[in-house]
Every structure is written in structure tokens, then in C-alpha cells.
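Worksheet for the structure shown next.
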Amino acid sequence: MKETVADFDALLSPLEGDVLSVLWPNRKLRVREIHQRLKRKVAVSSVAVILDRLHDKGVVGRSEETARGGVRYVYFPLQDRQSFEKSVVEKTVNKLIDAFGHSAVSYFNERFKR
14 MKETVADFDA LLSPLEGDVL SVLWPNRKLR VREIHQRLKR KVAVSSVAVI LDRLHDKGVV
74 GRSEETARGG VRYVYFPLQD RQSFEKSVVE KTVNKLIDAF GHSAVSYFNE RFKR
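Quick note on numbering: the sequence shown equals residues 14 to 127 in my numbering.
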């Protein structure tokens, strides 16, 4: 599987996906470290904002570390990629079944017969 989260475009912005793609294999990184590993031109402040949003969404956690000049965050994924994918699929399927009931279940049955 390709190491991007393009499949999650409906749930994450492209930059959020890229940030997670950097964070998953490295486990714990500071904003500047993530910024340096991204393969795109984007401001450090944009990466910080994205990480804050991912934190608010419950996708990443963060801890504080004291550094020269104050406190900074170290970010880490709350789930590995596989668990995240499973969680996304679970939530999506449950929402579809809740919204469309039997029609959704019938579709899934037909889809998996192929």
C-alpha cells in the first residue's frame, strides 16, 4: 500500500494526510521535524495549525517538553495506520447503515458478491 492518505480525502485535508504519513512511521515528532520531512512547500505555522486540528479531532496526541524559549509540543499518532483505517471504515459504514438502513445493507451484500 502506498504511504499516503489520499484515500481519506473525504475526512482529512491533503496536508493533514501528508502530516499523518510523516508521523506514523516516526511515532513522535516536533512541529519543525514534521515540517522538514514533508515533501511540499508549506509554512511551519501551517503545519502547527494542522497538528492542532488533528489533535482536536482526536487523531494525534501531544505532550509538552520544556525547551529554550519555553514549552513546545511533541506530537504522536493515537492509532497506527491500520487501526486508523479500520476506525474510519467502521464509523463510515455505521453512519451509512444508520442513515439508509436496509438499502445500505443490501448494497454491501451485492458489492461483496462480486
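For glycine and all other residues, C-beta sits at the position ideal for the given N, C-alpha and C.
Please tell me whether residue i and residue j are closer than 9 Å, where the distance is taken between their beta carbons.
| i | j | result |
| --- | --- | --- |
| Y88 | L36 | yes |
| V57 | H48 | yes |
| V106 | F121 | yes |
Less than 8 Å between the CB atoms is what I'm expecting for residue i and residue j, so what's the real figure, rounded?
| i | j | result |
| --- | --- | --- |
| V60 | V73 | So it is not a contact: roughly 12 Å between Cβ atoms. |
| E29 | R66 | 7 Å |
| V32 | I63 | 5 Å |
Just verifying my parser: in three-state terms, what is the DSSP assignment at residue i?
| i | result |
| --- | --- |
| L67 | helix |
| V57 | helix |
| R40 | coil |
| R124 | helix |
| G83 | strand |
| S26 | coil |
| M14 | For M14, the pLDDT reaches just 38, beneath the cut-off of 50, and the residue's location in the model is therefore unreliable, although a value from the coordinates is still provided. M14 falls in the coil class under three-state DSSP. |
| K99 | helix |
Using DSSP bridges, identify the partner residues of residue i.
| i | result |
| --- | --- |
| P90 | V73 |
| E78 | R85 |
Is the beta carbon of residue i within less than 8 Å of some heavy atom of the ligand SAH?
| i | result |
| --- | --- |
| V87 | As presented, the structure is devoid of all ligands, the ligand SAH included, so that no description of it is given. |
Could you tell me which of the options sits nearest to residue i, measuring between CA atoms?
| i | options | result |
| --- | --- | --- |
| S26 | R50, L91, L42 and K70 | K70 |
| N39 | K108, N107, D111 and R94 | R94 |
| S52 | S34, K41 and L42 | A quick correction: the sequence has Lys, not Ser, at residue 52. Considering only alpha carbons, the answer is S34. |
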